[in-house]
Amino acid sequence: MVHSTGADGYDDTAAALALAETDKHRYRLMPYIDNMGDMLSAADLVLSRSGASSVAEIAALAVPSVLVPYPLATADHQTTNARFLVDANAAVMFADADIDGEDFKHTVLELLDDPARRAGMHDAARGLAQDRAASTLADAIEGLRR
74 MVHSTGADGY
84 DDTAAALALA
94 ETDKHRYRLM
104 PYIDNMGDML
114 SAADLVLSRS
124 GASSVAEIAA
134 LAVPSVLVPY
144 PLATADHQTT
154 NARFLVDANA
164 AVMFADADID
174 GEDFKHTVLE
184 LLDDPARRAG
194 MHDAARGLAQ
204 DRAASTLADA
214 IEGLRR
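Structural data, given as structure tokens:
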């Protein structure tokens with residue numbers, strides 16, 4: 074498991090986890106991930122907030138995910154972002170208040186134990202992200218000048 078905390082949350086998270094030496098090889102705590110694409114490509118399942126960049130990367134790489142929108146995001150936009158993947162059956166979503174509950178734990182463990190369901194989520198995510206979207210948009214904008 075790889076857990077990226079962000080630079081500000083790293084020390085507090087490390088102290089709260091207090092991992093035993095025997096568990097440290099299975100749980101990698103990192104303040105920042107330099108190449109998120111490589112990390113996501115290697116993942117069987119992603120647990121993430123649902124900011125626009127995170128959702129775009131998850132969709133582009135078609136990684137099954139459990140999304141937890143940040144509850145204080147302006148106009149609850151992270152819930153809207155998450156629904157993009159949830160409505161396509163490529164992700165499941167939990168409210169921040171529910172991540173300590175048994176349903177969350179059960180769902181995550183069930184997904185980890187069910188490669189067929191993760192494969193279905195992967196297949197559902199394929200095609201959601203448009204290849205060369207920036208180039209297509211730039212071409213369309215340049216076409217307006219003609």
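The sequence shown runs 74 to 219 under this note's numbering.
From the three backbone atoms N, C-alpha and C, an ideal C-beta is built for every residue, glycine too.
With DSSP run on the structure shown, which of helix, strand or coil describes residue i?
i	result
residue 205	coil
residue 218	coil
residue 127	helix
residue 199	coil
residue 99	coil
residue 118	coil
residue 136	coil
residue 75	strand
residue 159	helix
residue 213	helix
What distance in whole Å lies between the Cβ atoms of residue j and residue i, which are believed to be in contact at a cut-off of 8 Å?
i	j	result
residue 206	residue 158	About 16 Å separates the two Cβ atoms, so there is no contact after all.
Taking residue i as the reference, which of the options has the closest Cα?
i	options	result
residue 111	75, 189, 169 and 186	75
residue 122	114, 192 and 131	131
residue 188	118, 92 and 100	118
residue 202	177, 116 and 135	135
residue 193	155, 146, 165 and 92	165
For residue i and residue j, what's the separation of their Cα atoms in angstroms?
i	j	result
residue 171	residue 215	46 Å
residue 85	residue 208	41 Å
residue 151	residue 144	8 Å
Handout entry: Segment contact flag, the stretch 139-153 with the stretch 114-130, C-beta cutoff 8 Å, min 3 pairs
Key = yes
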